[in-house]
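Q:
Residue numbers (the working numbering): 173 to 290.
1) In angstroms with no decimal places, state the Cα-to-Cα distance between residue 197 and residue 231.
2) Using the three-state DSSP reduction, which class does residue 241 fall into: helix, strand or coil?
3) Apart from the five residues on each side of it in sequence, which residues of its chain come closer than 7 Å, Cβ to Cβ, to residue 240?
4) Just how far apart, CA to CA, sit residue 121 and residue 271?
5) In terms of DSSP beta bridges, what is residue 256 paired with?
6) Looking at residue 214: is its Cβ nearer than 8 Å to the Cβ of residue 249?
The structure is reproduced here in structure tokens:
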């Protein structure tokens, strides 16, 4: 039984629409995953920077923060805050990510490291 002329190509349009939905969902998922990875990278950079800087805490704030900056930069982050609180070093890092063209986000994280207290 032949199809009426007004129904020819309807499946193609539906298939294209479904394909477009999948592409948009994939793009959105990749953007969310990219932002989550940036937050994780900022946290790792802050943790490692604080640990590296705390090892130099006895040499003063300048030496401790210089060590923290080096580690943060090597982990793809930017150090935006560093201060010595007694023997504890507090480090704040930021990672900038562009998950979609025209959409830029900044993920920040803060970490503290120092000697073990009983």
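The beta carbon of each residue, even a glycine, is placed where N, CA and C say it ideally should be.
A: Quick answer:
1) 51 Å
2) helix
3) Hits under 7 Å: 221, 222, 224, 225, 251, 254, 261, 263.
4) The structure shown does not extend to residue 121, since the chain spans only 173 to 290, so no value can be given for it.
5) Bridge partners of residue 256: 261.
6) yes
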